[in-house]
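Asker: Could you have a look at this structure, given as structure tokens, before my questions?
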Amino acid sequence: MAPHTPQRSSRPGKAVARLGRLTMVGYVARRLLQSVGVLLGVSVIVFGLVHLTGDPTRLLLPLEAREEDVRQMRTLLGLDDPLYVQYLRFVSRAVRGDFGLSFKHQLPALTLIFQTLPATLQLTAAGLTLALVVAVPAGILAALKRNSLIDAVCSVGVLLGQAMPVYWLGLLLIMVFAVGLGWFPAAGRDGWTSLVLPATALGAFSMARIARMARSGMLEVLAQDYVRTARAAGIRTFVVTYKYALKNAAIPLVTIIGLEFGILLGGAVITETIFAWPGVGRLAVDAIFSRDYPLVQAIVAVLATTFVVINLVIDLVYTYLDPRIVYVRSAK
Amino acid sequence: MSMVADVRAPVVTRPRRRLSFRAVFGFTVLLVMGGSAVLAPQLAPWDPARQMLMKRLRPPMWQERGLREHPLGTDHLGRDILSRILHGGRISLGVGLVAVTLSALIGVTLGLLAGFFGGRADAFIMRVVDVFLAIPYILLAMGVVFALGPSLVNVILVMGATRWVQFARIVRADVLSIREREFVAGARARGNRPLRLLLRHVLPNALTPIIVVATLELAFMIIYESALSFLGLGVQPPTPTWGWMLSDGRNYVATAWWLATLPGLAIMLTVLAVNLLGDWLRDTLDPRLKV
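Quick mapping for you: the protein sequence lines, in order, are chains A and B.
Take the first sequence: its position 81, counted from the start at 1, is 81 in our numbering, and no numbers get skipped.
Take the second sequence: its position 127, counted from the start at 1, is 1127 in our numbering, and no numbers get skipped.
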């Protein structure tokens, strides 16, 4: 990392600019290729999921299926072909968005997913927003007033938030705010009031993690030389805090949002089950229990793709905001 | 309360004193939880599976209608909650420990190989890591457990096989810097073979992050196990698990608060204790560690 920084600053001008553009293009290309590779890996696992027990026909058919149905299904699915032929067929169909029909609903799996995905995205977005809105100011405040009462309250909150399983928190919220106080509905998706409890349950864990990172990031930045210099130069504390420190503390936060989004998508599976939220997570749980394997495959594939795409976008935005990262990474 | 005395103390002592309080708290809770899990058959006042339908849905003893012989009440089948929580701890902690060991074995091995040999092995392993990060692990676990059938062994295997990524990433990052150090070059110059170099010289120096990650992952695995149980894909009844008890309690949130609240409290306390211990270990062993 270190050797490249001086080189960059000692040779300013066109050459470096051109080098920068080239590596930027190279970096974007490589990052795209990487994402395709990851998605290929995902496809192997999704394909393997159905072949786990050896003979997928048993998984794909209802338990009470007759022997001749099983045989017919085998030929229909082309299960007598070599495994790699089956895999290639699976991938070439999946790329075109064809994961087959859902057994239970008798509809294309992808259609079902696109019907429920908005609800899930709404829930995860609400959870993430809530987490950010509470956690970032709380973490920064805790760092600025280190060892104060606010800091103590924050760290207790962080510890509890990280230790409370989402399914338990969800039940507690239902018990207190739906059954006890009757403020919000306990289940369903009907207006913004029904969003409050599931979003809180889902966002709590991320809230704790983000608050913790915001606090430690801010403390780290506040200890930097340039902050001290700015203070020594007589710049007001308010300006130093918000203009100098905060901006730099924000950078690592941007990257974790991508990872956090993946955690939230996973958490949505459980949250949606508890609150009867009509999203992809509930669809998935339902599909697993009704042995609807094409639908399970499609859901895993779509959620993984969403995660990969979001992280790709965040990475690219990130390198745009802080171009040094491109030089460093592509120099390796 | 006695904050005044601390004001003039050097900056270093303060965090240390607070951390050791955390450690003591974490240790104590974990010791109580672990001890009561190990001794559950001796401590539990009742057989956890015994149904007493005459005494269904009794609240904890401090509430009206509570019974002294059921300190934490009974569930919808008249089973003793305290006994079930004690026995459930065996599953939660036991499965958690084994699953963490398994995922550490996989993750540390792959992380060592990726970090030490670099090049194509590294690129390949890290792409596999990316794949596992992209797939919602809970869905993958549910799909696999459902296909293979929910059993103790399958649950542990799935949990270990989906969480090794955490170990692989941190070990790789650490090994990347360790392999450039002089003592590794020295050991290599003395003619040590790669495998010996890896196991005798690199691995021991990468232990700190492994221990810290293992502790934090244990907390995660406890939540993970109860989540699978909660969804009905964990260790099957009649073995009581905390997650299963919670999902039983779901239907009684309006009438019997203790059914879902108490096992959840057990999960939270255990996870909290393990997390505190993990934080303390990190701050003590290597404060710069980003886990």
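Backbone N, C-alpha and C fix where the C-beta goes; we use that ideal spot for every residue, glycine too.
Are the beta-carbon atoms belonging to Y226(A) and Y244(A) less than 8 Å from one another?
Answerer: It is a contact, given that the beta carbons lie within the stated cut-off.
Asker: Helix, strand or coil for T1239(B)? Go by DSSP, reduced to three states.
Answerer: Here T1239(B) sits in coil by DSSP.
Asker: In the segment 97-125 of chain A, which residues sit with their C-beta less than 9 Å from some C-beta in chain B, listed in chain order?
Answerer: For the segment 97-125 of chain A, which is checked against every Cβ of chain B, not one residue is closer than 9 Å.
Asker: Should Q86(A) be flagged as near chain B, meaning a C-beta pair shorter than 8 Å?
Answerer: It does not; no Cβ of chain B falls within 8 Å.
Asker: If R209(A) and G139(A) are in contact, beta carbons under 8 Å, what's the gap, nearest whole angstrom?
Answerer: Contact flag wrong, Cβ pair sits at about 10 Å.
Asker: Does the separation of the CB atoms of G1243(B) and E1217(B) fall below 8 Å?
Answerer: Their beta carbons are not under 8 Å apart, which means G1243(B) does not touch E1217(B) by this criterion.
Asker: So if DSSP puts T1074(B) in a beta bridge, which residue, or which two residues, is it bridged to?
Answerer: Answer is D1080(B), bridged to T1074(B).
Asker: Tell me, which residues are paired with L101(A) by DSSP?
Answerer: BP columns for L101(A) point to P108(A).
Asker: Return no unless some Cβ of chain B is closer than 8 Å to the Cβ of G266(A).
Answerer: Chain B contact via Cβ: present.
Asker: Kindly say whether Q162(A), judged by its beta-carbon, lies nearer than 8 Å to any beta-carbon of chain B.
Answerer: Yes, Q162(A) lies at the interface with chain B (some Cβ there is under 8 Å from its Cβ).
Asker: Taking 8 Å as the limit between beta carbons, can you name the residues of its chain near G78(A), skipping five residues before and five after?
Answerer: Cβ within range, chain order: V85, Q86 and R89.
Asker: When the cut-off is 8 Å and only beta carbons count, does L159(A) lie next to chain B?
Answerer: True, the Cβ-Cβ gap to chain B drops below 8 Å.
Asker: Checking 8 Å against the spacing of the C-beta atoms, do T1270(B) and S1092(B) come in under that value?
Answerer: Yes, Cβ-Cβ distance for T1270(B) and S1092(B) is below 8 Å.
Asker: Applying the criterion that 16 or more other CB atoms from any shown protein chain within 10 Å of the CB defines a buried residue, is W277(A) buried or exposed?
Answerer: Buried: at least 16 other Cβ atoms inside 10 Å.
Asker: For L219(A), collect the residues of the same chain with a Cβ closer than 8 Å to its Cβ; drop the 5 residues on either side in sequence, then sort them by chain order.
Answerer: Excluding sequence neighbours, L219(A) sits near A143 and R146.
Asker: Taking 8 Å as the threshold (beta carbon to beta carbon), is Y226(A) in contact with chain B?
Answerer: Y226(A) does not count as touching chain B.
Asker: For a cutoff of 8 Å on Cβ pairs, would you count F275(A) as touching chain B?
Answerer: No, its Cβ sits nowhere closer than 8 Å to a Cβ of chain B.
Asker: Is the segment 1273-1288 of chain B in contact with the segment 1230-1246 of chain B, if contact means three or more CB pairs nearer than 8 Å?
Answerer: Flag = no, the segment 1273-1288 of chain B and the segment 1230-1246 of chain B do not touch.
Asker: Measure the beta-carbon distance from F275(A) to A187(A) and round it to whole angstroms, keeping in mind my assumption that it falls under 8 Å.
Answerer: That pair is a contact at about 6 Å.
Asker: Where V1213(B) and Q1166(B) are concerned, what is the direct C-alpha to C-alpha distance, given to the nearest angstrom?
Answerer: Using only the alpha carbons, I get a separation of about 8 Å.
Asker: Given that a residue counts as buried once 16 or more other Cβ atoms are within 10 Å of its Cβ, and exposed if not, what is Q106(A)?
Answerer: Result: exposed.
Asker: Tell me which residues share the same chain as R1022(B) and place their Cβ nearer than 6 Å to its Cβ, disregarding the 5 neighbours each side in the sequence.
Answerer: Counting only Cβ-Cβ distances below 6 Å, and skipping sequence neighbours, we find L1276 and W1280.
Asker: Use the C-beta contact count for Q1063(B): other C-beta atoms within 10 angstroms, 16 or more gives buried, fewer gives exposed.
Answerer: By the 10 Å Cβ count, Q1063(B) comes out exposed.
Asker: Under a CB-based cut-off of 8 Å, is I210(A) close to chain B?
Answerer: Answer no: the Cβ-Cβ gap between I210(A) and chain B never drops below 8 Å.
Asker: Beta carbon of M164(A), beta carbon of M1268(B): below 8 Å?
Answerer: Closer than 8 Å, so yes.
Asker: How would you list, in chain order, the residues of chain A whose beta-carbon sits under 9 Å from the beta-carbon of L1218(B)?
Answerer: Going along chain A, no residue has its Cβ under 9 Å from L1218(B), so there is no contact; the nearest lies around 12 Å.
Asker: Taking G1073(B) as the reference, give the member of I1085(B), R1065(B) and P1060(B) with the closest Cα.
Answerer: Ranking the options by Cα distance to G1073(B), first place goes to P1060(B).
Asker: Would you mind giving the Cβ-Cβ distance between A298(A) and A126(A), rounded to the nearest angstrom? I have them listed as a contact below 8 Å.
Answerer: So it is not a contact: roughly 24 Å between Cβ atoms.
Asker: Whether or not the segment 1116-1133 of chain B and the segment 1185-1192 of chain B are in contact is what I'm after, with contact meaning three or more pairs of Cβ atoms, one per stretch, closer than 8 Å; do they touch?
Answerer: With the cut-off at 8 Å, the segment 1185-1192 of chain B and the segment 1116-1133 of chain B do not touch.
Asker: Could you give the C-beta distance for V1171(B) and G1107(B), rounded to a whole number, given that I count them as a contact under 8 Å?
Answerer: About 7 Å; that satisfies the 8 Å criterion.
Asker: Would S1226(B) pass as an interface residue toward chain A - the criterion being a Cβ-Cβ separation below 8 Å?
Answerer: It does: the Cβ of S1226(B) has a partner Cβ on chain A nearer than 8 Å.
Asker: Given a cut-off of 8 Å, decide if H1070(B) and R1084(B) are closer than it, judged by their beta-carbon atoms.
Answerer: Cβ atoms of R1084(B) and H1070(B): not closer than 8 Å.
Asker: Counting Cβ pairs closer than 8 Å, one from the segment 21-38 of chain A and one from the segment 264-273 of chain A, do we hit at least three?
Answerer: No contact exists between the segment 21-38 of chain A and the segment 264-273 of chain A.
Asker: Is A320(A) buried or exposed, if buried means 16 or more other CB atoms sit within 10 Å of its CB?
Answerer: Residue identity check: residue 320(A) is Tyr in the sequence provided, not Ala. Y320(A) comes out exposed.
Asker: Taking 6 Å as the limit between beta carbons, can you name the residues of its chain near V317(A), skipping five residues before and five after?
Answerer: Around V317(A): no qualifying Cβ.
Asker: For L1164(B) and chain A, any beta-carbon pair shorter than 8 Å?
Answerer: Before going on, a small fix: residue 1164(B) reads as Trp here, not Leu. W1164(B) does not count as touching chain A.
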